[in-house]
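> Sharing a structure, written as structure tokens. Questions coming.
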Amino acid sequence: MAKKRKKVKRNYRRLKKMIVGFIVLFIIGNVVFFNWDRISLWKKGYTNEQCKIILNLSQEEIDEYLGQDKIDMNRWDEYSNGHHYYDYELYEQANPDLSDMTIIKNVDRLYEVYEELINLGFTRDFCREHYADYAIEDFEVFANNQIDYDTAKKYLKVNGVVIEDMPKYVNSGMSATKAVMKYSYGFIDASKKCDYIYEVNPENSLFTIVNDRFELKEDYKPDDLVKAEVEKSSECKSSKLVEEAAYSLEDMVNDAKDEDLNIILDKAYISYGYQEQEYNECVNYYGLWTVENVLQLSKPGCDEHQLATTVNLTCQSAIDGEEDFEDSDEYKWLKKHAHEYGFIFRYPSNKSDITGKEGISNQFRYVGVDAASEIKEDSLCLEEYVLRHGLDYTMKIIEDAG
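By my numbering, the letter at position 260 of the sequence shown is numbered 255, and the numbering carries on one by one without gaps.
Okay, here's the thing in structure tokens:
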């Protein structure tokens, strides 16, 4: 009986030890489990104070710190900040030229509207993806005007969208493209006021507007220039055009020849360097006022012949002085058929208020058959076509128009 009692006591002690062991393991496991993030942050080298800052964030944000190399929080702490270290790093990657102080101010300012943005359907990922594209004021436009993401996204898809104008787009009731073009680029119409001078980047566009408001860079030169194999006038310096325009011009001229009409190329691609040389020579000879107000010679970079999609055409009777080009059979044929080859009359006389140039009967622009057909059918000029369809190229402000 005594042996039996001893055995029971031994078993009891063993059970007690096992229970205590389980309890200890359970406590340790819970401590580790509930402090795993802190332990993981320690392993990365964060101090207790830094861990405290990070652990006050949402789990999603904590995971962002755990998922990458240690952030140098001390660097950002050289300035007063809102402890948004992960976003400081991302914002710097998107805007490497900004100072640390500016990065901190911008990100902290963004966080003041972050909650409102999220309520409106904008995610953190969306904001971060656009750190390089949008100014902080742009994010504030969404929040301050209560423009939700579902409403904004149709406008954001339009090339050239100006977020500052977003409230006007939304209140207009127009389609996204029409609203953007009306409220942000209405000054493509030369009769409208323009506050800035823009640098345009054609990016293979056939519809780029180039004039004294919209300048091409000095080094802009199309990369697919070819010589158009057509007859040139003695004044024509070059027959080069972009490949598509050159071949279409050849087809048009050859088809006109089949009807005993002789269309002659008078001007094609003109480089920035040649524009500059010609402009300076004229200024030296005639004076700046005469060049700008009488000759109306474009400044270098403001002549769309640099695009290599613009041509001036003539005919032998006009060259010989027998008649004006617009009175010739060649002109009449072009008026009827040019759109079939993708060419439009660039400066119609009845659109001078919109184009900003008096009617030029012999200047044509290659825009492709579809666009040229629409422009002819609806009696548009190129500016009106662009305002209807939107930009397919980019531009940026380079100076105040004064």
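Beta carbons are placed, not taken as given, at the ideal position from N, Cα and C, and that holds for glycine.
Below 8 Å, can you find three or more Cβ-Cβ pairs linking the segment 254 to 272 to the segment 321 to 335?
The segment 254 to 272 vs the segment 321 to 335: in contact.
> C310 lies in the beta strand (DSSP E); which residues open and close that run?
From DSSP, the beta strand (DSSP E) with C310 extends over 305 to 310.
> Give the secondary structure of M390 by DSSP, where H, G and I count as helix, E and B as strand, and everything else as coil.
Correct three-state label for M390: strand.
> Heavy atom of the ligand MN less than 7 Å from the Cβ of Y109, yes or no?
Among the ligands in the structure shown, none appear at all, so the ligand MN cannot be discussed.
> Return the first residue and the last residue of the beta strand (DSSP E) that K163 is part of.
No beta strand (DSSP E) contains K163, which is instead part of the alpha helix (DSSP H) from 161 to 167.
> Smallest Cα separation from F117: which of N249, L85, A147?
Checked all of N249, L85, A147; the closest Cα to F117 is A147.
> What is the DSSP secondary structure of Q358, reduced to helix, strand or coil?
Strand.
> Does the Cβ-Cβ distance between N357 and F320 come in under 8 Å?
Going by C-beta atoms, N357 is nearer than 8 Å to F320.
> Considering just the uninterrupted stretch of the beta strand (DSSP E) at I259, what are its terminal residues?
Counting along the chain, the beta strand (DSSP E) containing I259 begins and ends at 258 to 262.
> Just checking my contact of T172 with V157 at CB under 8 Å: how many whole Å lie between their CB atoms?
Actually they do not touch by this definition, with Cβ atoms about 13 Å apart.
> Among R360, V175, E378, E132, which residue has its Cα nearest to the Cα of I349?
The shortest Cα separation from I349 among R360, V175, E378, E132 belongs to E378.
> Return the first residue and the last residue of the alpha helix (DSSP H) that V108 is part of.
Counting along the chain, the alpha helix (DSSP H) containing V108 begins and ends at 95 to 114.
> Closest by CA to A185, which one among L375, S374, G62, K352?
Of the listed residues, the one whose Cα sits closest to A185 is K352.
> Look up V289 in the DSSP assignment and say whether it is helix, strand or coil.
Of the three classes helix, strand and coil, the one that applies to V289 here is helix, per DSSP.
> Give me, in chain order, the residues of the same chain whose beta-carbon lies closer than 7 Å to that of R104; leave out the 5 immediate sequence neighbours on both sides.
Closer than 7 Å at the Cβ level, and outside the excluded window around R104, lie I131.
> Are the segment 193 to 208 and the segment 373 to 392 touching by the rule of at least three beta carbon pairs closer than 8 Å?
Because the criterion of three Cβ pairs below 8 Å is met, the segment 193 to 208 and the segment 373 to 392 touch.
> How is the beta strand (DSSP E) around I339 delimited, first residue to last?
Here the beta strand (DSSP E) through I339 covers 338 to 342.
> Should W295 go down as buried or exposed, given a rule of 16 or more other Cβ atoms within 10 Å for buried?
A small correction: the amino acid at residue 295 is Pro; Trp does not occupy that position in the sequence shown. Buried, because 16 or more other Cβ atoms sit within 10 Å of the Cβ of P295.
> Less than 8 Å between the CB atoms is what I'm expecting for I265 and Q301, so what's the real figure, rounded?
Correct: roughly 6 Å between the Cβ atoms.
> Apart from the five residues just before and just after L85, which ones in its own chain have a Cβ nearer than 8 Å to its Cβ?
The residues are R123, Y126.
> Please state the DSSP three-state secondary structure of E224.
Coil at E224, not helix or strand.
> Using DSSP bridges, identify the partner residues of E210.
Answer is E194.
> Which of the three DSSP states, helix, strand or coil, is assigned to V278?
Three-state result, V278: helix.
> Taking only three categories from DSSP, how would you classify K252?
In the structure shown, K252 sits in a helix (DSSP, three-state: H, G or I).
> Thinking C-beta only, is R341 closer than 8 Å to E360?
Checking the sequence, you will find Arg at residue 360 rather than Glu. Result yes, Cβ atoms of R360 and R341 sit closer than 8 Å.
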